[in-house]
Amino acid sequence: MPIRQLSETMINQIAAGEVIERPASVVKELVENALDAGASRVEIVTAGGGLSLIRVTDDGSGIPESELALAIARHCTSKLTEDINDIRSLGFRGEALPSIGSVSRLSIRSRTAAGDSAAEIGIEGGRVLPVRPAAANRGTTVEVRDLFFATPARLKFMKGERAESSATSDVIKRIAIAFPAVRFTLAGSDRSTLELPATDDSAAGSLRRVAQVMGADFPDNSIAIEAMREGVHLTGHVSIPSFTRANALQQYAYVNGRPVRDKLIAGAIRGAYADVLPRDRHAVTVLFLSLDPAIVDVNVHPAKADVRFRDPGLVRGLIVGAIRQALADSGIRAATTGAAGMMAAFRPGAASYGHGGPANGHRSYDAAYRASGPSGFDPARSPQRPFDMGFEGAGFDHRGLRENEQAAFDAGPLASADVRAGQDEAAETLLGAVLGAARAQVHENYIVAQTKDSLVIVDQHAAHERLVYEALKNALHSRPVPSQMLLLPEIIDLPEEDAERLALHSETLARFGLGIERFGPGAVAVRETPSMLGETNVQQLVRDLADEIADNDTVDTLKERLDKIAATMACHGSVRSGRLLKAEEMNALLRQMEATPGSGTCNHGRPTYIELKLADIERLFGRR
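Under this note's numbering, the first residue of the sequence shown carries the number 666, and numbering increases by one thereafter.
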């Protein structure tokens, strides 16, 4: 078959296959054009899930009549200079409008501020209609009808109206978070109206817009973050560990104001929350990255949802470090949703309150920690001291308690743990603390504490498990990890580039107990492995590390394996359910929780305490 040049319509339809995936893709492109035009108000109307109608109206700068024909021509844009590395607008490729027009019936009506009247141009399945006069206010209205009528095969892959409408809503919400000063309205016969009033560009205004999109609970359960490293500026809000979602749909990321779905950013968020969330729960985040456009490539895909950073390790390290520092600095906080659940449970006839479930999704919370003890759980046989589990020789203090508090834990239980109010006058001075003063222990596992304005219930096993885990981690990472010499070095064949990457990180790996060295151009020799790992698959470990270094330029895989072992040791070495505690022991536990970062959740990600405000309790009894 001879080589021939494709027609303009065919070229546009091919481009549409990349840019216009579904109605939400059309909305995204048109709304981005409106924002690039300086709009302060954007109204979107849809019908039939967007397949029958999409109309986007803005009050931006408008398009002069003389440029309407260029606006629908391929690779014509007002947003790009001669420098492809200096992209400061949302759109820049000049493909969206001609691509949309090639698979639908498209009309553009626009009027500039200086124009006496508006003008309109249309495209039907790639056929351009002549420009004609029209009536319109300042700004632009783009109307798309019968999407994909020219490519009926694509229609077979569309989902139902509800699914397409939901995807469009998600697109608008993602864009709206980055532009709080713009008013967005999404309406139509196929949906309930979504209205996001304009706020302002200040930090408070940005947070109000986030609350409009993500719900009023998020600001009260989030932490502000801000960090700068080598010209990369990170700002935003992240949820506290006890405020989570079942999926990652409420993780929003922006690069120079552009909404992105980037696997590096998603991986960094997972890494930052690695040991404070259950494996089936996800943090809620809004992150804004600002950096020189020359060091980030947004031209990876026509949809512009993917980006590539010149230094991915720098960006990942900035995100992980900033989130972990923010979590550590925020102190101990309980999610407000926990109190709401308790309120619902206390009301007559309400369903019993329960946490979302264990991390493994199969066993109950009781079963999860009782399984770590003797078979056939019996409080009489549970360890009376929290660390009688065979770890005394590890060379560091498992307890994570200050010296003046350890005696309370070593003393053993009392015959009765009924601690009455007023029994210990010194406890009155503790009411101003975050977790207050311990008042009682119920069901031999839950500590009831009182603050000046709330009631706190603490799970003693989960809380102490976190304290022990943090102490273990601090000891583990404060000095080189003990290693064991292999009788015979393990020779691992690798691609030469992987071997080179591992060699560059050999000093860091040695600090974690893994001794490697180059063994020819395409292999490494492993001479030592971390003692904590015991017998392990060295080949698989090294290959996993090579893959991670290639992706993220980090060696977190090894660190995470060691942390998992520390978590297991903490679970076995912490205070058991069923152990009776003295008042001094309970207060020592509360004070150490307040001083330990991340102690609002155990190392499985479950909450360690729930707080119920006095005002809520009074409402339960009809006092308010």
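In this text, a Cβ means the ideal position worked out from N, Cα and C, and glycines have one as well. Since we're looking at a predicted model, the values are computed, not measured.
For H898, the uninterrupted beta strand (DSSP E) run begins and ends at 897-904, by DSSP. When the alpha-carbon of S834 is set against those of S690, F953, R753, the nearest one is in S690. Bridge partners of H947 according to DSSP: R910. Here the alpha carbon of V980 sits roughly 20 Å from the alpha carbon of S904.
With a cut-off of 8 Å on Cβ pairs, the segment 848-859 is in contact with the segment 691-710, counting three or more such pairs. By the CB criterion at 8 Å, G1178 and P1154 fall outside the cutoff.
Shown here, I1181 sits in a strand according to DSSP, grouped into three states. For G936, the three-state secondary structure derived from DSSP is helix. Beta-bridge analysis with DSSP links T806 to T722, R774. Boundaries of the beta strand (DSSP E) harbouring K1278: 1274-1278, taken from the DSSP string.
I837 sits away from V721, with the two beta carbons spaced by 8 Å or more.
In the structure shown, I737 falls within a coil segment according to DSSP collapsed to helix, strand and coil. Between S955 and H902, the C-beta gap is not smaller than 8 Å, which leaves the two residues out of contact.
Bridge pairing for D781: absent [DSSP]. Counting only unbroken stretches of 3 or more residues, the beta strand (DSSP E) elements lying wholly within the segment 1089-1118 are 1102-1107, 1111-1115, in sequence order.
Runs of beta strand (DSSP E) with 3 or more residues, each lying fully within the segment 853-904, are found at 859-861, 887-894, 897-904, listed in chain order. Taking a 10 Å sphere around the C-beta of D1118, we find fewer than 16 other C-beta atoms and assign the residue as exposed. The DSSP-derived three-state label of M823 is coil. Counting other Cβ atoms within 10 Å of its Cβ, L1096 stays below 16 and is therefore classed as exposed. The three-state secondary structure of Q670, taken from DSSP, is coil. A straight-line Cα-Cα distance of about 11 Å links A843 and L755. Setting aside the 5 residues that flank it on each side, L735 is surrounded in the same chain by C741, each with a C-beta closer than 6 Å to its C-beta; the list follows chain order. Assigned with DSSP and collapsed to three states, Q916 falls in strand. Per DSSP, A712 is not a residue of any alpha helix (DSSP H); the beta strand (DSSP E) it occupies stretches across 706-712. Judged by DSSP in its simplified three-state form, D1216 adopts helix.
Put simply, the segment 1244-1252 touches the segment 1107-1116. At least three CB pairs are less than 8 Å apart. The beta carbons of E891 and G715 sit no closer together than 8 Å. For the pair I773 and E760, the CB atoms are not nearer than the 8 Å cut-off.
According to the DSSP assignment, L1153 belongs to no alpha helix (DSSP H) but to the beta strand (DSSP E) extending over 1148-1158. The segment 1123-1137 makes contact with the segment 1267-1276: 3 or more CB pairs, one atom from each, lie closer than 8 Å. Distance between R989 and S907, taken at the CA atoms: about 14 Å.
Contact between G1187 and A1164 holds: their C-beta atoms lie close to 6 Å from each other, under 8 Å. Contact check for R894 and L820: beta-carbon distance about 47 Å, past the 8 Å limit, so the pair fails to qualify. L1245 and H1108 have their C-alpha atoms spaced approximately 9 Å apart. If you draw a 10 Å sphere on the C-beta of G880, you find fewer than 16 other C-beta atoms in it, and that means exposed. Following the DSSP letters along the chain, one finds V980 inside the alpha helix (DSSP H) bounded by residues 977-994.
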